[in-house]
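Participant:
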Amino acid sequence: MSTESPKVHRDPGSDGIQDPIDAHAANTTNIHTNANSGVYEEAAGDLPHFPEDTKEEDLDLPKECFLLQKQNNAFQIPYYLTSLGELSKVRPPAVVQTWEARHEQLDAAQKEKYETFVGMVKEARWYDPKTHDSWCCLRYLIARHFDVNKSFHMIEKTAEWLKETGSASWTCEHCMENPNDHLGQFVGWDREHRPVMFMSMRWGPERKHPLRHMVTCFNHLISLMPVGVEKWVCVTDFETYSHFKDSKPSMGISVIQTIQNHYPERLGKMICINPPGIFWVLWKLFHPVIDPVTRSKVEFLYTEDKPSVYDTFPALFGNPLRSFLYDSYHRSKRDLPAEPLVWLPDPDGYPKNYEERKVQLKEMKEKGKEVKKAAKEKKEEEKKADHEAKKAAKKEEKKHH
Ligand SMILES: [Zn+2]
């Protein structure tokens with residue numbers, strides 16, 4: 001990935017983003033590429049080697065990529081995040097788009113409103129030049145369709161929220177005490193250089209206090225954005241979602257409202273993987289509080305059904321990230337441990353689409369059946385041998401009497 005051109009982007013219009021700026025950007029920038037052209041595929045270079053019994057303490061993990069000192073036991077650390085050297089091969093360019101180039105994409109009316117808005121923000125008593133930079137001001141303007149007063153009201157509310165909660169320096173006390181309470185990990189960047197967070201229901205059983213954890217993760221993701229990248233991507237594993245345990249919508253709603261109110265134009269995509277049928281009840285409860293823009297960014301995919309991750313991920317994630325995700329979902333589906341600690345891609349490769357995945361699943365099923373059958377036969381033979389031995393012993397006993 002180190003050889004990729006920093007200017008190559010996936011069509012920004014294809015993920016349902018409808019704001020006028022993005023639509024404009026899609027028309028004016030020459031940064032399109034065919035998702036299947038292979039520009040992002042890493043050449044099959046040398047993979048680092050890790051002894052089987054590698055422990056977290058043995059690795060010199062780049063601190064910037066890891067929120068916690070100690071990782072969730074169920075998290076396999078992708079090899080490309082194990083050292084600064086490996087990280088440098090997948091890290092996006094420091095600047096993906098300059099502010100000047102972004103500003104040029106605004107039309108005359110938008111530029112004028114932007115100037116007015118920045119003037120208002122700079123006059124405000126809560127103004128903080130570090131927080132309220134050009135990009136930040138533009139995000140609030142887009143979120144309110146360039147209505148300067150509405151945008152100002154919104155940014156002011158966030159300034160109050162930041163002051164009241166001190167959320168910028170929040171940590172998740174649950175994970176500090178037990179990193180197995182939640183699983184929300186940065187796992188790499190997508191094709192648009194957006195940081196990607198992997199979350200898991202199975203491996204994050206604490207469900208009552210998601211807000212602090214999520215806000216901490218959001219702030220972490222923002223710290224991993226190159227200049228010109230403003231959005232993050234979340235891929236959430238819904239395996240083990242239980243309606244009984246998880247259907248308290250107020251928890252999820254607090255997170256959704258925080259994103260909508262205080263992180264405008266930050267959510268690039270939210271992909272929900274393997275939501276069970278009952279999940280739709282919860283989704284319906286969420287509906288009234290999710291605005292259409294947020295809703296358009298949510299996608300539902302499956303690892304063993306359609307619409308499938310195998311058909312969708314290649315356009316979104318280059319390798320090795322998408323292979324890492326395939327393996328993580330596969331492990332979650334079957335509740336397999338994170339062994340070995342460092343994840344390396346399967347040398348046999350991965351299904352290229354759902355049809356190939358179906359064949360793979362069938363083979364796995366048949367293999368499973370064979371293993372089961374062999375175990376059953378072995379057991380029966382042992383039983384028979386045991387029975388024979390007992391019979392012989394009895395006969396022997398009788399003889400002696
Ligand atoms: Zn946490």
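Under UniProt numbering, think of the first position of the sequence shown as 1, with each following residue one higher.
Note that beta-carbon positions come from the ideal geometry of N, C-alpha and C, so glycine has one too.
1. Does the pairing of the region 323-336 with the region 286-297 give three or more beta-carbon distances under 8 Å?
2. Whole angstroms is fine: what's the gap from Val298's alpha carbon to Arg266's?
3. Asn219 and Ala168: beta carbons closer than 8 Å?
4. Pairs of beta-carbons, one from the region 224-239 and one from the region 91-104, closer than 8 Å: are there three or more?
5. By Cβ distance below 6 Å, which residues in the same chain neighbour Tyr326 in space, the five residues on each side in sequence not counted?
6. Which residue comes first and which comes last in the beta strand (DSSP E) that contains Ser200?
7. Excluding sequence positions up to five away, which residues of its chain have a Cβ less than 8 Å from the Cβ of Asp346?
8. Is it the case that the region 259-279 contacts the region 229-238, given that we only count it when at least three CB pairs across the two stretches are under 8 Å?
9. Return the first residue and the last residue of the beta strand (DSSP E) that Lys269 is part of.
10. Consider the C-beta atom of Asp237 and the heavy atoms of ligand 1; say whether any pair is separated by less than 7 Å.
11. Is Asp190 buried or exposed, if buried means 16 or more other CB atoms sit within 10 Å of its CB?
12. Here's a check: name, in chain order, each residue in its chain whose Cβ is nearer than 7 Å to the Cβ of Trp343, leaving out the five neighbours to either side.
13. Taking 8 Å as the cut-off, decide whether the C-beta atoms of Asn72 and Trp203 are in contact.
14. Can you look up Thr158 in the DSSP assignment and give me helix, strand or coil?
15. Look at Val196 and Thr258 and say whether their C-beta atoms are less than 8 Å apart.
16. Go through the residues and name those whose CB comes closer than 6 Å to any heavy atom of ligand 1, in chain order.
17. Just to confirm, is the Cβ distance from residue 448 to Ser308 under 8 Å?
18. Going by DSSP, what residue range makes up the alpha helix (DSSP H) through Thr294?
19. Using 10 angstroms around the beta-carbon of Ile273, count the other beta-carbons present and answer buried if the total reaches 16, otherwise exposed.
20. Does the region 358-372 come close enough to the region 109-119 that 3 or more CB-CB pairs lie under 8 Å?
21. Secondary structure at Phe146, three-state DSSP: helix, strand or coil?
22. For a quick check, are the C-beta atoms of Asp305 and Asn353 less than 8 Å apart?
23. Could you give the residue range of the beta strand (DSSP E) that holds Gln185?
24. Could you check if Leu106 is buried or exposed, using at least 16 other CB atoms within 10 Å of its CB as the buried criterion?
25. What does the Cβ neighbour count give for Lys383, buried or exposed, with the cut at 16 atoms within 10 Å?
26. Which of helix, strand or coil does DSSP assign to Tyr302?
27. If you measure between the beta carbons of Pro249 and Leu68, is that distance less than 8 Å?
28. May I ask you to list the residues that DSSP assigns as paired with Val342?
29. Got a sec, what are the start and stop residues for the alpha helix (DSSP H) Asp237 sits in?
30. Exposed or buried, which one is Ile278 when buried takes at least 16 other CB atoms within 10 Å?
31. Give me the Cβ distance between Leu84 and Pro62, rounded to the nearest whole Å; I'm assuming they're in contact under 8 Å.
32. Which ranges does the alpha helix (DSSP H) cover as unbroken runs of at least 4 residues, wholly within the region 315-401, from first to last along the chain?
33. Excluding the 5 residues preceding and the 5 following Phe152 in the sequence, name in chain order all residues of the same chain whose CB lies nearer than 6 Å to its CB.
34. Pick from Lys130, Asn261, Ile256, His262: whose alpha carbon is nearest that of Trp283?
35. Roughly how many angstroms lie between the CA atoms of Ser296 and Glu339, to the nearest whole one?
Facilitator: Quick answer:
1. When Cβ pairs closer than 8 Å are counted between the two stretches, the region 323-336 is seen not to touch the region 286-297, the count staying below three.
2. The alpha-carbon atoms of Val298 and Arg266 are separated by roughly 13 Å.
3. The criterion of a C-beta distance shorter than 8 Å is satisfied by Asn219 and Ala168.
4. At 8 Å Cβ cutoff, the stretches touch.
5. Only Tyr350 meet the Cβ criterion.
6. Taken as a continuous stretch (DSSP letters only), the beta strand (DSSP E) holding Ser200 covers 195-200.
7. Same-chain partners within the cutoff: Ser323, Asp327.
8. Below 8 Å, enough C-beta pairs join the region 229-238 and the region 259-279 to call them touching: three or more.
9. That run of the beta strand (DSSP E) goes 267-273.
10. For ligand 1, not one heavy atom lies less than 7 Å from the Cβ of Asp237.
11. Counting Cβ neighbours within 10 Å, Asp190 comes out buried, since at least 16 surround it.
12. Short of 7 Å from the beta carbon of Trp343, and not among the five residues preceding or following it, lie these beta carbons of its own chain, in chain order: Gln76, Ile77, Pro78, Tyr79, Phe324, Asp327.
13. Yes, they are a contact pair.
14. In the structure shown, the three-state DSSP call for Thr158 is helix.
15. The answer is no: Cβ separation not under 8 Å.
16. Going along the chain, the residues that qualify are Cys172, His174, Cys175, Asp181, His182, His213.
17. Outside the shown range of the chain (1 to 401) lies residue 448, about which nothing can therefore be said.
18. It spans 292-295 - the alpha helix (DSSP H) in which Thr294 sits, taken as one unbroken run.
19. Ile273 should be labelled buried.
20. Contact between the region 109-119 and the region 358-372 is absent: fewer than three C-beta pairs spanning the two stretches fall below 8 Å.
21. Under the three-state reduction of DSSP, Phe146 is assigned to coil, being neither helix nor strand.
22. Their beta carbons are not under 8 Å apart, which means Asp305 does not touch Asn353 by this criterion.
23. 184-189 is the extent of the beta strand (DSSP E) around Gln185.
24. Within a 10 Å sphere around the beta-carbon of Leu106 sit 16 or more other beta-carbons, which makes this residue buried.
25. When all chains shown are included, Lys383 counts as exposed.
26. It is a strand residue.
27. No; because the gap between Cβ atoms is not below 8 Å, this pair is not in contact.
28. Partner residues in the beta bridge of Val342, as assigned by DSSP, are Ile77.
29. Careful: Asp237 lies outside any alpha helix (DSSP H), inside the beta strand (DSSP E) at 232-237.
30. When all chains shown are included, Ile278 counts as exposed.
31. About 5 Å separates the two Cβ atoms, so the contact holds.
32. Positions of the alpha helix (DSSP H) runs, each at least 4 residues long and wholly inside the region 315-401, are given as 321-333, 354-400 in order along the chain.
33. Cβ within range, chain order: Met120.
34. Out of Lys130, Asn261, Ile256, His262, Ile256 has the C-alpha closest to the C-alpha of Trp283.
35. For Ser296 and Glu339, the distance between alpha carbons rounds to 36 Å.
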